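What follows is one structure encoded as structure tokens, with my remarks underneath.
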Amino acid sequence: MKNRVFFPQAALDDWIASDRVDLNNDELLIKTEGRRYKIIEAIRVLREVTGSADIHEVLGRVKTRAFLRELGAEILEGSMIIGDNAYDVIPGFIGAPVGTFAEHRKAAPAGTATSSSPTSDEELLAAFLTSNL
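Using full-length UniProt numbering, the first residue of the sequence shown is number 1, and each one after it goes up by one.
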């Protein structure tokens, strides 16, 4: 399975404003690393707030907006309603790396690698998030 990461909308807004990332259509570029991610709108479901059972099995998961719409979800900022259930959510995007990590390293422009030279997508993201959250 391909690596995927959830990018919260609030973090993306901050990173775009501080010129750390570029967002172009459905692609996110982490500038310092030159790493690109194909992104799609998604929701991270934090908690069910009515006390009802999570019959849709979305609690604690990240789901695309399209999938949630198919379930009949109504989403407004940090809230979501599906039928009789109400949830606290975090809007954002799911990102999947474009190409393999080895392909990224071969194609990366000079000067984009960090001093620690990550050897995987996980290490690259950990370094970026550690310095930018």
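Heads up, the beta-carbon is just placed ideally off N, CA and C, and yes, glycines get one too.
Only a predicted model underlies this, so the values are computations on that prediction, with no experimental measurement involved.
Report buried or exposed for residue 24, applying the criterion of at least 16 other Cβ atoms within 10 angstroms of its Cβ.
Taking the sequence shown and counting its residues from 1, one reaches residue 24 at position 24. By the 10 Å Cβ count, residue 24 comes out exposed.
Quick check on the burial criterion: 16 or more other C-beta atoms within 10 angstroms. Buried or exposed for residue 119?
Here residue 119 refers to the residue found at position 119 of the sequence shown. Result: exposed.
Could you tell me the distance, in whole angstroms, from the CA atom of residue 3 to the CA atom of residue 88?
Here residue 3 refers to the residue found at position 3 when the sequence shown is read from its first residue. Here residue 88 refers to the residue found at position 88 when the sequence shown is read from its first residue. Near 25 Å, if we compare the C-alpha coordinates of residue 88 and residue 3.
Could you please give me the residues that DSSP links to residue 24 through a beta bridge?
The residue labelled residue 24 in the question sits at position 24 within the sequence shown. BP columns for residue 24 point to 27.
Please report the straight-line C-alpha distance between residue 122 and residue 35, rounded to a whole angstrom.
As a position in the sequence shown, residue 122 is number 122, starting the count at 1. As a position in the sequence shown, residue 35 is number 35, starting the count at 1. In a straight line, the C-alpha of residue 122 is about 12 Å away from that of residue 35.
Whole angstroms are fine: how far does the CA of residue 75 sit from the CA of residue 126?
Numbered from its first residue, the sequence shown carries residue 126 at position 126. Numbered from its first residue, the sequence shown carries residue 75 at position 75. Their backbone Cα atoms lie some 30 Å apart in a straight line.
Where residue 79 sits in the DSSP three-state scheme:
For the purposes of this step, residue 79 is taken as the residue at position 79 of the sequence shown. In the structure shown, residue 79 sits in a strand (DSSP, three-state: E or B).
Residue 13, DSSP secondary structure in three states
The count along the sequence shown starts at 1 and reaches residue 13 at position 13. In this structure, residue 13 counts as helix in the three-state DSSP scheme.
Hey, how far is the Cα of residue 80 from the Cα of residue 97?
By one-based count along the sequence shown, residue 80 stands at place 80. By one-based count along the sequence shown, residue 97 stands at place 97. Straight-line Cα distance between these residues: approximately 28 Å.
Using the Cα positions of residue 78 and residue 90, report the straight-line distance between them to the nearest angstrom.
Mapped onto the sequence shown, residue 78 falls at position 78. Mapped onto the sequence shown, residue 90 falls at position 90. So the alpha carbons of these two residues sit roughly 6 Å apart.
Can you find the residues in the same chain that come closer than 6 Å, C-beta to C-beta, to residue 64, ignoring five residues on each side of it along the sequence?
In the sequence shown, counting from the first residue as 1, residue 64 sits at position 64. Excluding positions up to five away in sequence, the list reads 40, 42.
Exposed or buried, which one is residue 92 when buried takes at least 16 other CB atoms within 10 Å?
Along the sequence shown, read from residue 1 onward, the residue named residue 92 stands at position 92. By the neighbour-count rule (16 or more Cβ atoms within 10 Å), residue 92 is buried.
Under the three-state DSSP convention, the category residue 115 falls into:
As a first step, residue 115 is located in the sequence shown; it is residue number 115 there, counting from the start. Low confidence applies to residue 115: its pLDDT is 45, below 50, so where it sits in the model is not reliable, and the reading given next is rough at best. Three-state result, residue 115: coil.
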